[in-house]
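*Asks:* First the structure, then my questions, so here it is.
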Ligand code: FES
């Protein structure tokens, strides 16, 4: 998916799913999170036009949708790499070397926060607490896989493993 602002459109089945999400809550504004997730699952990231589209579907101001999308790091506001590494630098991780992990990955991949490698393989993002403080420092890949109690050696092995996975 390019950096361009794509024009989102749900098909008939997806629109039924939107109605289902709306029906689950007393106020339909609560459906904003699952509907944003549907957008991300379909397009890989959430563009400005996609936020407007979600607002239209749920009768919400675009600013409200923007507020939700920007509050949570699980929503990608820019295109991400095949492997999106979110590295926690919140208190527990910071005290246990979270910034060392972040800076090491950043240097090794040659990208800064929220950038994507030129081959589209990796992107990195500094994240707030991801709920794994007892096993700090940690990183998360693609919103689901946790790697915990990381040393820099383990980070190197992880990056090599991902790079060789294709
Ligand atoms: S501070 Fe890093 S997971 Fe909580």
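Residue numbers (our numbering): 1 to 166. Cβ coordinates follow ideal geometry from the N, Cα and C atoms, glycine included.
Relative to the alpha-carbon of residue 76, which residue among 96, 45, 57, 60 has its alpha-carbon at the smallest distance?
*Replies:* 45
*Asks:* Taking C-beta to C-beta, are residue 53 and residue 6 nearer than 8 Å?
*Replies:* no
*Asks:* Give the range of the beta strand (DSSP E) segment to which residue 86 is assigned.
*Replies:* Run containing residue 86: 83 to 88, per the beta strand (DSSP E) assignment.
*Asks:* Measure the Cβ-Cβ separation of residue 121 and residue 82 and say whether it is below 8 Å.
*Replies:* yes
*Asks:* With distances taken between CB atoms, is the gap from residue 152 to residue 84 smaller than 8 Å?
*Replies:* no
*Asks:* So what does residue 123 bridge to, in DSSP terms?
*Replies:* 84, 116
*Asks:* Which residue's Cα is closest to the Cα of residue 132: 93, 106, 36, 143?
*Replies:* 93
*Asks:* With a threshold of 8 Å on Cβ separation, who are the neighbours of residue 109 within its own chain once the five nearest residues in sequence on each side are excluded?
*Replies:* 117, 122, 124, 159
*Asks:* Rounded to the nearest angstrom, how far is the Cβ of residue 87 from that of residue 127, given a contact under 8 Å?
*Replies:* 6 Å
*Asks:* Is the separation between the beta-carbon of residue 89 and that of residue 71 shorter than 8 Å?
*Replies:* no
*Asks:* Excluding the 5 residues preceding and the 5 following residue 50 in the sequence, name in chain order all residues of the same chain whose CB lies nearer than 6 Å to its CB.
*Replies:* 8, 39
*Asks:* When you compare only the Cα positions, how much space is there between residue 144 and residue 163?
*Replies:* 18 Å
*Asks:* Check this for me: beta carbons of residue 136 and residue 96, under 8 Å apart or not?
*Replies:* yes
*Asks:* What are the boundary residues of the beta strand (DSSP E) that includes residue 145?
*Replies:* From DSSP, the beta strand (DSSP E) with residue 145 extends over 145 to 147.
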